[in-house]
Amino acid sequence: MEKKRAQWGSKLGFILAAAGSAVGLGNIWKFPGRAFEGGGGAFLLIYLLIVIFLGVPLMMTELSIGRASQANIVGAFHKLGHKGFAWVGWIGVLGAFVITCYYSHVGGWVLRYVFGYLTEAPAIYAEPLGYFYSMLGANADGTTAIPWVALLFAAIFMALNAVIIIRGVESGVERFNKVGMPALFLLLLILLVRAVTLPGSEEGLRYMLSIDWSKVSFQTVLSALGQAFYSLSIGMAILITYGSYLSKQENISKNSFIICGMDTLVAVIAGFIVVPAVFATLGRDQVGKGGGFAFVSLARMFQQMPGGRVFAVLFYLLLLFAALTSCISLVESIVAFLTERFSWKRKGATIGVCTVMFLIGCLYTCSQAAIPLKGIWIDAANGVTYPAFCDFMEYFTDRLMIPICALGCCIFVGWVWKPESAIAEIERCGVRFRFAGIYRVLVKYVAPLAIMTILVMSLATGTTLS
Ligand code: PHE
12 MEKKRAQWGS KLGFILAAAG SAVGLGNIWK FPGRAFEGGG GAFLLIYLLI VIFLGVPLMM
72 TELSIGRASQ ANIVGAFHKL GHKGFAWVGW IGVLGAFVIT CYYSHVGGWV LRYVFGYLTE
132 APAIYAEPLG YFYSMLGANA DGTTAIPWVA LLFAAIFMAL NAVIIIRGVE SGVERFNKVG
192 MPALFLLLLI LLVRAVTLPG SEEGLRYMLS IDWSKVSFQT VLSALGQAFY SLSIGMAILI
252 TYGSYLSKQE NISKNSFIIC GMDTLVAVIA GFIVVPAVFA TLGRDQVGKG GGFAFVSLAR
312 MFQQMPGGRV FAVLFYLLLL FAALTSCISL VESIVAFLTE RFSWKRKGAT IGVCTVMFLI
372 GCLYTCSQAA IPLKGIWIDA ANGVTYPAFC DFMEYFTDRL MIPICALGCC IFVGWVWKPE
432 SAIAEIERCG VRFRFAGIYR VLVKYVAPLA IMTILVMSLA TGTTLS
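Laid out in C-alpha cells, this is it:
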C-alpha cells in the first residue's frame, strides 16, 4: 500500500514555502554583484524580461508536472509514462546536490556573522574585508589556515537543515516560512531607506537606474538567465517536488506569478540596497568583490546607522532564514527522491546525504582563502587557479545543469506530455487559465529555443568563469 503523500497544510503555507525556496542567498548575496557587473539598469531590464517570459511559464510547468504526477523529480517522469525523460530528474537531483554543498557553507558564514555582530561588531567595522577573509582562514601575514570557525558554523547550519527536514514537510518546512518571510521583507524595506539616504549613494542609484548598453554583452544575458533560474529555484526540479505536495484546489498560475513577483522584488530591493551602499561607503571599485558582497559591503552601512548593530543582527538573522528555507527545499527534493526511489528511511537518508554534502562543501569554504589544499588543485602550469575550481561548482550548476534541466522540462511538456496536459493540470483548481495560448507558445517554442541558443552559444564561445 502506498502511503498518503504529504501535503501543504494551507495555501499560504505553500506560497511561503515556494517563495522561501526562491528567496535566498541568490537574491541578496549574488544578485547585486551580478547586476553591477551587467551594467545596472540594463541587467535589471534583461532580468525582468527573462523572469516574465521564461521564469513564470517554467515555474508553472514544473509545478504542474509535480502535482500531476504526485512524485519526486525522477519518479514524476515515470509516473507520467515517459521514463525516457527521467534524465531530466537526475540532472535536477545532481544539480541540487552540488548547489547544497556550497550553499550550506555560505549559510554557515551567515550564521557566523549573526554571532560576529552580536559579540564583536567593532572588529567587523574596523576591517570589513579583513574580517571576512580571516573567517575564511586568511591570516594577516598572508598565510592561510584551515577556517575552523567557518566550518563549524557551516556544520551547525547543515544540522539545522537536517533537523527541519526530518520533522517533515508540514510541521517543519511550512511553519518555518510563515514568520521568516514577512519579517525579511519588512527589514529589507527599512534597509533600503537607509541605503538610499546614505551620503554618496546617488551615484550607485544612478548606476542602477541608467541603461548603458555598452556594458551589455552575451555574457550579460547568460548571467541574467542563470541568475533568474537560480533565484526562482527553477531548473532543479525542486518545484516538481513542491508541486507534488500541492493540493488540487490550488491555482498554479496565480501562485507562480506571486512567487516570481516576490522573489524578483526581493532581488531588486537587495540590488538597490547593496550597490548604492557600496558606492557610498567602500567606493565603486569594491562592488564586484563577488562572494564578499553581502558580508563586506554592508558593514559600513550598519556602522553609520543609528542602532546599526541591532539592524545588522536582524539582517543576518533574516538572511539566515532565507538561506535556510532555500537550503531546505534543496535537501527536501534530494531526500524525497532518495526515500521514494530507494525506500530509504527519511531520517537516515537526511543524515547521510547532509553529512556528505557538508564534507564536500568544506572544499568550497577552504578554497576561499585557503591554501591547505592548494597543492591538490592549483595547476599553475595550465593556468588553472584554485578559486576557479570552486567557482566551478557554481558555474557548473548555474550555467549548465540548471539550463539543461529547464530545457528538458520544456521539451517534455511542450512536445511529449503536451502543453494541453499542463494546462489541464493548471485549470484543475476550477479557474480558467487566461494565458493558456501564450503559455503554449512559450513552452513549446520560445523557452526551448532561447535556452538552447544560450547553452550552445555559451559552449561555443567558451564562456569564462565569472
Ligand atoms: N533560489 C535560491 C536562492 O535564490 C537558491 C536555490 C536554488 C534554492 C535552487 C533551491 C534551488 O538563493
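Residue numbers for the sequence shown follow the numbering used here, so the first one is 12 and each next one is one higher.
Just so it is clear, CB atoms sit at the ideal spot from N, CA and C, and this is done for glycine as well.
_Cutoff 7 Å; reference G103; Cβ partners in own chain excluding five residues on either side_ = Sequence index remark: in the sequence shown, residue 103 carries index 92 (1-based). Here the set comprises I84, M247, A248 and C416.
_I'd like to know whether the C-beta atoms of N188 and V342 end up nearer to each other than 7 Å._
Position 177 of the sequence shown holds residue 188. Position 331 of the sequence shown holds residue 342. In this structure, V342 does not lie closer than 7 Å to N188 by Cβ.
*Would you check whether ligand 1 has a heavy atom nearer than 6 Å to the C-beta of N172?*
What you label residue 172 is simply residue 161 of the sequence shown in a count that begins at 1. In this structure, N172 has its CB at a distance of at least 6 Å from all heavy atoms of ligand 1.
*With 16 as the cutoff for other CB atoms within 10 Å, does M12 come out buried or exposed?*
Looking up residue 12 in the sequence shown gives position 1. In this prediction, M12 scores a pLDDT of 37, lower than 50, which makes its location untrustworthy; no coordinate-derived value is stated.
*A206 and I39: beta carbons closer than 7 Å?*
By one-based count along the sequence shown, residue 206 stands at place 195. By one-based count along the sequence shown, residue 39 stands at place 28. No, the pair does not count as a contact, with Cβ atoms beyond the cut-off.
*Within the present structure, is the beta-carbon of M368 separated from the nearest heavy atom of ligand 1 by less than 6 Å?*
By 1-based counting over the sequence shown, the position of residue 368 is 357. Checking the Cβ of M368 against ligand 1 gives no.
*Quick one: residues in its chain with C-beta nearer than 6 Å to the C-beta of F113, no 5 flanking neighbours on either side, listed in chain order?*
Residue numbering aside, residue 113 sits at position 102 when the sequence shown is read from its first letter. Sequence check: residue 113 is Tyr here, not Phe. The residues are G372, Y375 and M404.
*Going straight from the alpha carbon of K90 to that of S234, what length do you get?*
Counting from 1 along the sequence shown, the entry for residue 90 is found at position 79. Counting from 1 along the sequence shown, the entry for residue 234 is found at position 223. For K90 and S234, the distance between alpha carbons rounds to 34 Å.
*asked:* Under 8 Å, with one C-beta from each stretch per pair, do the region 22 to 32 and the region 265 to 278 reach the 3-pair mark?
replied: yes
*Closer than 6 Å from C-beta to any heavy atom of ligand 1: which residues, in chain order?*
S32, A33, G35, L36, G37, N38, I110, Y241, S242, S244, M247, I249, S337, S340 and L341
*Residues sharing a beta bridge with I222, DSSP*: To locate residue 222, count along the sequence shown from 1; it is residue 211. Paired residue(s): G51.
_Could you tell me the alpha carbon to alpha carbon distance between E436 and Y142, rounded to whole angstroms?_
Walking along the sequence shown from the start, residue 436 turns up at place 425. Walking along the sequence shown from the start, residue 142 turns up at place 131. Computed Cα separation, rounded: 51 Å.
*Can you list, in chain order, the stretches of the alpha helix (DSSP H) that have 4 or more residues and sit fully within the region 215 to 293?*
229 to 243, 249 to 255 and 263 to 292
*asked:* Am I right that N262 and V442 are in contact with their C-beta atoms under 8 Å? What's the rounded C-beta distance?
replied: Walking along the sequence shown from the start, residue 262 turns up at place 251. Walking along the sequence shown from the start, residue 442 turns up at place 431. The pair is a contact, with the Cβ atoms about 6 Å apart (cut-off 8 Å).
*When the distance is taken between beta carbons, is L257 closer than 7 Å to V125?*
The sequence position of residue 125 within the sequence shown is 114, counting from 1. The sequence position of residue 257 within the sequence shown is 246, counting from 1. No, they are not a contact pair.
*Report yes if the C-beta distance between P459 and L418 is below 7 Å; otherwise report no.*
As a first step, residue 459 is located in the sequence shown; it is residue number 448 there, counting from the start. As a first step, residue 418 is located in the sequence shown; it is residue number 407 there, counting from the start. For P459 and L418, yes; Cβs fall inside 7 Å.
*asked:* What does the alpha-carbon distance come out to for the pair G106 and Y218?
replied: Counting from 1 along the sequence shown, the entry for residue 106 is found at position 95. Counting from 1 along the sequence shown, the entry for residue 218 is found at position 207. So the two alpha carbons sit approximately 34 Å from each other.
*For I339, the nearest candidate out of A239, I176 and F446 (CA to CA)*: Reading the sequence shown from its first residue, position 328 is the one you call residue 339. Nearest option by C-alpha distance: I176.
*Check whether the Cβ atoms of G77 and I251 lie closer than 7 Å to each other.*
Translated into positions along the sequence shown, residue 77 becomes position 66. Translated into positions along the sequence shown, residue 251 becomes position 240. Yes, Cβ-Cβ distance for G77 and I251 is below 7 Å.
*asked:* Taking the alpha helix (DSSP H) that V160 belongs to, which residues open and close that run?
replied: On the sequence shown, position 149 is the one that residue 160 refers to. It spans W159 to R178 - the alpha helix (DSSP H) in which V160 sits, taken as one unbroken run.
*asked:* How far does the alpha helix (DSSP H) with W120 in it extend, from its first residue to its last?
replied: Here residue 120 refers to the residue found at position 109 when the sequence shown is read from its first residue. Where W120 is concerned, the enclosing alpha helix (DSSP H) stretches over A97 to A137.
*Have a look at T396 and Y406 and give me their C-alpha separation to the nearest angstrom.*
Within the sequence shown, residue 396 is the residue found at index 385, counting from 1. Within the sequence shown, residue 406 is the residue found at index 395, counting from 1. Confidence is the limiting factor: at T396 the pLDDT is only 45, short of 50, which leaves the residue's position unreliable, though a coordinate-based value still follows. Approximately 15 Å between the Cα atoms of the pair.
*Residues of its chain near I362, where Cβ-Cβ distance is below 7 Å and the 5 sequence neighbours each way are ignored*: Residue numbering aside, residue 362 sits at position 351 when the sequence shown is read from its first letter. Only A173 meet the Cβ criterion.
*asked:* For Y195, count the other beta carbons within 10 Å of its own beta carbon; 16 or more makes it buried, fewer makes it exposed. Which is it?
replied: Against the sequence shown, residue 195 aligns to sequence position 184. The sequence given here places Leu at residue 195; Tyr does not occur at that position. Buried.
*Residues bridged to A149 [DSSP beta-bridge criterion]*: Along the sequence shown, read from residue 1 onward, the residue named residue 149 stands at position 138. Answer is T155, bridged to A149.
*Please classify N38: does DSSP put it in a helix, a strand, or coil?*
Position 27 of the sequence shown, counted from the first residue, corresponds to residue 38. Helix at N38.
*On a CA-only basis, which of A323, V424 and A161 is nearest L370? Give me that one, please.*
Locating residue 370 in the sequence shown gives position 359, counting from the first residue. Taking only the C-alpha atoms, the option nearest L370 is A161.
*Identify whether W426 lies in helix, strand or coil by the three-state DSSP scheme.*
By one-based count along the sequence shown, residue 426 stands at place 415. Three-state DSSP puts W426 in a helix.
_Can you look up H89 in the DSSP assignment and give me helix, strand or coil?_
What you label residue 89 is simply residue 78 of the sequence shown in a count that begins at 1. Look at H89 here: in three-state DSSP terms it is helix.
*Cα-Cα separation, V321 to G127*: As a working mapping, residue 321 is identified with position 310 in the sequence shown. As a working mapping, residue 127 is identified with position 116 in the sequence shown. If I take the Cα positions, the gap works out to 12 Å.
*asked:* Output needed for H116: all residues of its chain with C-beta closer than 7 Å, excluding positions within five of it in sequence on either side, in chain order.
replied: Start at 1 with the first residue of the sequence shown, and residue 116 comes out as number 105. Excluding residues within five positions, the ones whose Cβ falls inside 7 Å are A165, G372, Y375 and T376.
_C-alpha distance - V367 paired with S344, whole-angstrom precision_ = As a first step, residue 367 must be located in the sequence shown, where it is residue number 356. As a first step, residue 344 must be located in the sequence shown, where it is residue number 333. C-alpha separation (whole angstroms): 16 Å.
*Of the choices I222, K265 and L216, whose alpha-carbon is the least far from that of F290?*
Along the sequence shown, read from residue 1 onward, the residue named residue 290 stands at position 279. Nearest Cα to F290 within the set I222, K265 and L216: L216.
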